[in-house]
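Residue numbers for the sequence shown follow my numbering, so the first one is 1 and each next one is one higher. Let me begin by presenting the structure, written as structure tokens, before commenting on it.
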Amino acid sequence: MLFNQKSYHSIAFGIVLFYLIYWFYQGHFLFQLHQPTLINTGIDNTYWLFCILRIPQIIMRFPIIFDALLVLFTIFSFITKHKWSFRILFVITIIHIITFNVYACTHTKSCIFLPMLILPFCFDKLFNLVWQAVRYYFLFVLVSAAIFKIINGGLFHPNQLVHILENQHVDLAILNPTNFIYQISTFLIQHTTLTNICWYSFFLMELIFIVGFFTKKFDSVLLFVLILFIISTFILMRINLMDFICVIPFLIILKNDKKKATF
């Protein structure tokens, strides 16, 4: 496969900047927590270790400084393209995410997407190998979601999406019944055949990424499916999968016209 690494670098930089803007909009920066006092490590041993070492507690004494450090190192790393800068950024990103999750009491699995996007840039000679590994990891996340629907029986449960919509939009039913998303949800709940088609379509949109394990020829199709999946999931179920935009650079292959390189 032909690959223009310089163009890929620019695309990844744009995605990361957009992702940080999204973080700010969602209140995901540490200073936006407004000096919280309670922490929740859950059952994650990594979170426990960080809190035992008091890393999150120390960082939350100067939250805005650490936020600025994250943004500045992101810009500096992508401009200089130095592997050691990316390695420091990788560590900063992980610490930032763990600190936020501990104090915000929200332990999401998708928070690992940003560090995984940065990971290939931490290597020079192994860039291609790590890039491939991260790509397979993202594919595994999507395919495993489809497989889980089979294993836990959710795929075969009668009117599964109908029940999801009924529970997902209870607040809209009470507080804002004229909401556009709730109106769509009401229509789908009343037309169960169409709703079941949507449910199986979600399953197929996840399962189709198994193609990526065997070939990259259809990555453009997978990219379209990914964007459609993010948008449709939010519109129908208000499930925000914006973290999945970190997968986009791994589904874009740009040809290098001047010098062809195997990727």
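Where a beta carbon is used, it is the ideal one built from N, C-alpha and C, also for glycine. It should be emphasised that the depicted structure is a prediction, and the values quoted were computed from it without experimental measurement.
- Task: To the nearest angstrom, report how far apart PRO63 and PHE187 are at their CA atoms.
- Result: The C-alpha of PHE187 is placed about 45 Å away from the C-alpha of PRO63.
- What is the DSSP secondary structure of LYS109, counted as helix, strand or coil? Correct three-state label for LYS109: helix.
- Task: Please confirm whether HIS169 and SER185 have their CB atoms less than 8 Å apart.
- Result: A distance below 8 Å separates the beta carbons of HIS169 and SER185.
- Query: Do you know offhand how far CYS246's Cα is from THR215's?
  - Reply: Approximately 20 Å between the Cα atoms of the pair.
- Message: Taking the beta carbon of ARG54 as the centre, do at least 16 other beta carbons fall within 10 Å, making it buried, or is it exposed?
- Response: Counting the other Cβ atoms within 10 Å of the Cβ of ARG54 gives fewer than 16, which makes it exposed.
- Query: Buried or exposed: where does ALA133 fall if 16 or more other Cβ atoms within 10 Å of its Cβ makes it buried?
  - Reply: A residue is called buried once 16 or more other Cβ atoms fall within 10 Å of its Cβ, and ALA133, having fewer, is exposed.
- Task: Go through its chain and collect everything with a Cβ distance to ASP153's Cβ below 7 Å, but skip five positions before and after it.
- Result: Before going on, a small fix: residue 153 reads as Gly here, not Asp. If we look at GLY153 and ignore the five residues flanking it on each side, it has no Cβ neighbours.
- Best match in ILE92, LEU207, ILE208, GLY212 for proximity to PHE29 [C-alpha to C-alpha]: Ranking the options by Cα distance to PHE29, first place goes to ILE92.
- Task: To the nearest angstrom, report how far apart THR193 and HIS34 are at their CA atoms.
- Result: Distance from the CA of THR193 to the CA of HIS34, rounded to the nearest whole angstrom, comes to 47 Å.
- GLN35 (DSSP reduced to helix, strand or coil): The answer is coil: DSSP assigns GLN35 none of H, G, I, E or B.
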